[in-house]
Amino acid sequence: MIWIIIGLIFFIFGIYYIPTKEAEISYYKKVNPFWFKALVLVWALCIMALVPTFFMIFIHGLVNDGYLSLEDNGLWITSIGSIILYVLILNVYNTRINNRKEQYERSKDDANSY
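Residues 29 to 142 (my numbering) make up the sequence shown, in order.
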């Protein structure tokens with residue numbers, strides 16, 4: 029349970045910090061530092077572990093409450109739900125990167141207008 033909480037904290041940190049840093053690196057044409065690549069890799073692995081774990085806990089709760097049996101495609105629900113969540117996370121990630129790049133563009137235009 030403690031690992032899930034640590035993973036959620038790391039996920040929330042990653043969804044705010046990593047797209048911001050990546051937008052800055054790509055906008056200003058900087059080189060990706062090794063520590064940042066490692067952070068992105070660990071963050072991605074964290075997501076890959078957390079999402080199916082979340083669904084398995086959810087399905088386990090449904091099974092214990094009698095709403096679902098594991099023969100009723102519990103693994104299909106986990107797989108499809110995980111894929112949908114991965115797509116949503118990537119969408120949020122890319123949206124945050126694009127928003128940050130637009131902020132850099134506007135700040136550059138504002139600086140040039142004076």
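Ideal placement from N, C-alpha and C gives every residue a C-beta, glycine not left out.
Keep in mind it's a predicted model, so treat the numbers as computed, not measured.
Around the CB of S110, 16 or more other CB atoms lie within 10 Å, so the residue is classed as buried. In terms of Cβ geometry, W71 and I30 do not form a close pair [threshold 8 Å].
When the Cα atoms are used, L118 and I43 turn out to be separated by approximately 10 Å. With contacts defined by Cβ atoms closer than 8 Å, T106 and I87 form a contacting pair.
Annotation: F62 to M84 spans about 34 Å, alpha carbon to alpha carbon. As the crow flies, the alpha-carbon of L116 is around 12 Å from that of I108.
DSSP, read as helix, strand or coil, puts P61 in coil. The Cβ neighbour count for L36, taken over all protein chains shown within 10 Å, is under 16; the residue is labelled exposed. Judged by DSSP in its simplified three-state form, Y44 adopts helix.
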